[in-house]
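Protein sequence lines, in the order shown, are assigned to chains A and B.
Quick note on my numbering: the first sequence kicks off at 2 and runs consecutively.
Quick note on my numbering: the second sequence kicks off at 5 and runs consecutively.
Just so it is clear, CB atoms sit at the ideal spot from N, CA and C, and this is done for glycine as well.
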Amino acid sequence: MMEPAYATRNSQLAIRNSQFSLPQRVRILDIQTDNYRTKTFVLDASLDAYPGQFVMAWLPRFDEKPFSLVNADPVTLMITAVGPFSRLMHAKQPGDFVWLRGPFGMGYGVEGAGKRLALVGGGYGVAPLHWLARTQLGVAASVTAVIGARTGEDILYAERFAGLSSVAAVVTTEDGSRGIHGRVTDALAPLLERGEIDAICACGPHGMLAALEKLGQAHGVETQLSWEAYMRCGIGICGACEFEGKVLCMDGPVLGTTWQA
Amino acid sequence: MSILQTPFLNHILPTPLVLASGIWGTTVSLLVRAASTGAGAVTAKSCGPVPRAGHVNPSCVAWEHGLINAIGLANPGADEEVGLLRQAQAELAPLGVPLIASIFAGTAAEFGDVARIVAEARPDYIEVNISCPNVSSEFGEPFAANPQSAAEVTGFVAEAVAPFAIPVIVKLAPNVPSIGRIARAVVEAGADALCAVNTMPGLLIDPESGQTILANRSGGLSGPALKPIALKAVYDARRACPEIPIIGTGGVSTGQDAIEMLMAGATAVGVGSAIYYRGGDTLSLIRDEMLAWMEAHNVPSPDEIRGLSHRETLYTSNPTGAPIPHAH
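What follows is the structure, given as structure tokens:
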């Protein structure tokens, strides 16, 4: 049979299928306390996803919020108690349920092997970076983690990074109570000046990401930045998460830029 | 000059594709992005008399055959919207892509008030959203539900914007017994064009919790499931109003879908939920697929096929390359 000169409808409509497009109920297997306001939830589910993508977590008749994946197999979420939804999650016990849809969005797209990577996490922005570090072991030439927060109490996942022997981990705090006294950019700038970094992968507050973007631009170093936003539909259509012309739940949350030196 | 150029009231749209209301219309940069990637006109998110936060999440999810949403008309209110519309208008003008402002309100008279405020921004068109299914708990039956209320709203808006000479598009609901009667009623009340259709009311239940998935409980169906419903709405509206421009909206995801919508009688074609299925380049994909379809079928202009399904003349593809016989 002859192929039509134009593509058929079915081939055009290759559905961008998320594995869970409707919320799926999953059991909480384990809850780890990370600091005074942050817990990590290990769930009885696995997703085909990659670092930097996110899921929508739903508690029926309450609310639904976006969370970066800490891991996809098993699905793991870091939740900091900052509002009613996260406080309700903190009241959950292993064996309780949460509903997920996803994975959504574009994660870190570190192209090519042999790069010297800086992974930079501010506050709970560190969530996706430990998984990213593990996927880059043996692929990247080197991985340096810079973990920053306001105070030592707010530092998250430093121990997890310490468990990766080939990753150099640096801690910074704004009050100097732990690690280097200063911000993540203070720790990163000397590495960039010495030409020791090829790409920056980061997640954290917008101010921190804007500062990293400037640094990357100044040194001609690729940046992969995960911009936090409130996702409403999570699937690219409502426009609630627009940032500089990008729909963060679809084009991002990680936006990559290759800067010319 | 592209063969897709589409006369629509007082403008010539660069393509017949219209970014539907509620999709990406929240910011100037996204309206411009749609306009520069294939849209021939763009619709801003509906705005009402006062700011609304919209409904709690989940407010939009994908199911097997489409999407369902109850965003709940989240918007900054008409006064704030004027600034966004002004800036959008300024940035869209060089692209030759008209801006459609979209409005809703709680009473027929209030529609006129909102239209008067929004008109200050001089949008190219004002779309009157009398058919959003997601605010009925507050506002009762949608105005689109019967010819009298639909016409009453249209009359207030037409009167309010008459001094500004802004054409009025009325967006119709699919879930009515006779869309043709409503279409005719709003045209008689002053509508310059129609948009058919809004989303179709529906509800999803999560069996594990026994609860509705949408926080608003019910929402509006869009995407592939809506296409046959929208085709019938456009078909019926075209029969009722042979001379009125119609934006056919509902489930158009491919160029072939858009062609079908034109054949049903649409003047232009709304695109929205397709962006979920096909990503950020959806509008340009659909545009290019329309051109490919037309080339493959030796259709020199959309005019050749617009309303074709209303004529008793079979369309036959002509592989010899000779122009197709006019079916008028």
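As the crow flies, the alpha-carbon of B:K236 is around 33 Å from that of B:A92. DSSP places A:F63 outside both helix and strand once states are collapsed to three, so it counts as coil. Secondary structure of B:P306 (DSSP, three-state): helix. When the beta-carbon positions are compared, A:A82 and A:Y51 stay at least 9 Å from each other. Of the candidates B:C51, B:E85, B:E84, B:E68, B:C51 places its Cα closest to the Cα of B:I75. For A:R179, there are no neighbours in chain B by C-beta distance under 7 Å, as the nearest C-beta there is about 36 Å away. B:I7 counts as exposed, since fewer than 16 other C-beta atoms from the protein chains shown sit within 10 angstroms of its C-beta. Of all residues in the region 202–213 of chain B, the ones placed with a Cβ closer than 8 Å to any Cβ belonging to chain A are L208, D210, E212, S213, in chain order. Considering only beta carbons, the part of the region 32–61 of chain A lying closer than 8 Å to chain B consists of M57, W59, P61, in chain order. Contact annotation, A:I201 with A:T224: C-beta distance approximately 5 Å; criterion of less than 8 Å satisfied. Nearest neighbour of B:G283 by Cα position, chosen from A:C250, A:Q261, A:G257, A:W228, turns out to be A:C250. Approximately 5 Å separates the beta-carbon atoms of A:G106 and A:F55; this is inside 8 Å, confirming the contact. Residue contact check for A:W228 against chain B: no CB pair falls below 9 Å. With contact defined as three or more Cβ pairs closer than 8 Å, the region 181–188 of chain B and the region 147–157 of chain B are in contact. At a cut-off of 9 Å between beta-carbon atoms, B:G224 makes no contact with chain A. In the three-state reduction of the DSSP assignment, B:S226 falls in the strand class, which pools E and B.
A:H207 is the residue among A:R26, A:G246, A:H207, A:N36 whose C-alpha sits nearest the C-alpha of A:S227. Going by beta carbons, A:G124 and A:A150 fall inside the 9 Å limit. The beta carbon of A:I181 is closer than 8 Å to those of V171, V172, T173, T174, D187, A188 in its chain, skipping five residues each way along the sequence. Within the region 66–108 of chain A, the complete alpha helix (DSSP H) segments of 4 residues or longer fall at 85–91, listed in chain order.
Less than 9 Å divides the Cβ of B:P171 from the Cβ of B:A197. Taken through DSSP and simplified to helix, strand or coil, A:M251 comes out as coil.
Under the 8 Å Cβ criterion, the region 154–168 of chain B does not count as touching the region 64–81 of chain B, having fewer than three qualifying pairs. For a Cβ distance threshold of 7 Å, nothing in chain A lies close to B:C199: the least Cβ distance comes to about 18 Å. Closest in alpha carbon position to A:S178, among A:H220, A:D155, A:E197, A:P61, is A:D155. Look at the region 19–30 of chain A: the residues with a C-beta under 9 Å from a C-beta of chain B are S19, S22, L23, P24, Q25, R26.
Per the coordinates, the alpha-carbon of B:L99 lies some 11 Å from the alpha-carbon of B:R37. A:D35 and A:E65 have their C-alpha atoms roughly 22 Å apart. Rounded to the nearest whole angstrom, the CA to CA distance from B:D292 to B:G274 is 16 Å.
Taking 9 Å as the upper bound on Cβ-Cβ separation, chain B lies near residues W100, R102 of the region 99–127 of chain A. Rounded to whole angstroms, A:Q94 and B:G214 show a C-alpha spacing of 21 Å. For the C-beta of B:T31, the chain A residues within less than 7 Å are, from N- to C-terminus, G240, E243.
Counting along the chain, B:Y281 sits inside no beta strand (DSSP E); it lies in the alpha helix (DSSP H) bounded by residues 278–282. In chain order, G58, N61, S63, C64, I75, A78 make up the part of chain B whose C-beta sits under 8 Å from the C-beta of A:R233.
With distances taken between CA atoms, B:E68 lies nearest to B:S226 out of B:I248, B:S226, B:M267.
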